[in-house]
Amino acid sequence: MTNTSTRRTPTVGQTAELSRTVGDNDIALFTEISGDRNPLHYDQAAAEASRFGEIVVQGGITSAILNAVVAEELPGPGTVFLNVNWAFKAPVRPGDIITGRVEVTAAREDKPITELKTTVTRDDGTVVLDGTAVCYTMDLASEVTQ
89 MTNTSTRRTP TVGQTAELSR TVGDNDIALF TEISGDRNPL HYDQAAAEAS
139 RFGEIVVQGG ITSAILNAVV AEELPGPGTV FLNVNWAFKA PVRPGDIITG
189 RVEVTAARED KPITELKTTV TRDDGTVVLD GTAVCYTMDL ASEVTQ
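This is the structure we're talking about:
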């Protein structure tokens with residue numbers, strides 16, 4: 089078997105982003121997957137009585153856009169998180185458009201490990217998540233010869 093590497097090392101300063109609209113169905117799907125039934129996510133009266141004043145989506149929905157950015161854009165397919173350090177700064181509500189953005193802060197030449205600055209921003213410009221991540225990218229391109 090011969091491995092033909094097509095991996096390109098990301099460069100410091102390189103960026104990528106993706107955006108999506110968060111919907112009510114996202115809350116239902118995430119609740120089903122995670123078991124997170126916090127009333128702030130689906131009970132209008134409880135959410136209105138909270139400091140948020142309305143329904144907010146689970147943090148896992150907010151951070152999930154970053155999974156998509158690293159897996160689809162930068163570093164790209166075959167990438168998994170090794171470590172994340174995220175601070176949730178503001179709520180996301182159903183109907184918000186969120187944009188996940190990554191910026192390469194370091195990339196190893198000897199191993200497929202990339203360090204990223206990560207942010208998620210609402211469409212009103214509010215940063216809702218800020219932090220860092222370390223990723224490992226597996227080379228998915230291989231060629232089998234006999």
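Numbering follows the working numbering, in which position 53 of the sequence shown is assigned residue number 141; successive positions increment by one, without gaps. In this text, a Cβ means the ideal position worked out from N, Cα and C, and glycines have one as well.
Close-in-space but distant-in-sequence residues of the same chain around R189 (CB under 6 Å, 5 per side omitted)
For R189, where only same-chain residues beyond five positions count, the Cβ hits under 6 Å are E105, T207.
Check the C-beta distance from T187 over to S107 and give it rounded, since I have them as a contact under 8 Å.
4 Å
In the DSSP assignment, find the unbroken alpha helix (DSSP H) run with D227 in it and report its ends.
No alpha helix (DSSP H) holds D227; DSSP gives it neither H nor E.
Indicate whether N155 and G219 have their beta-carbon atoms separated by less than 8 Å.
Going by C-beta atoms, N155 is not nearer than 8 Å to G219.
Grab me the residues of G148's own chain with a C-beta within less than 8 Å of its C-beta, minus the 5 sequence neighbours each way, in chain order.
F118, S122, D124
Give me the Cα-Cα distance between F176 and L217, rounded to the nearest whole angstrom.
In this structure, the alpha-carbon of F176 lies about 5 Å from that of L217.
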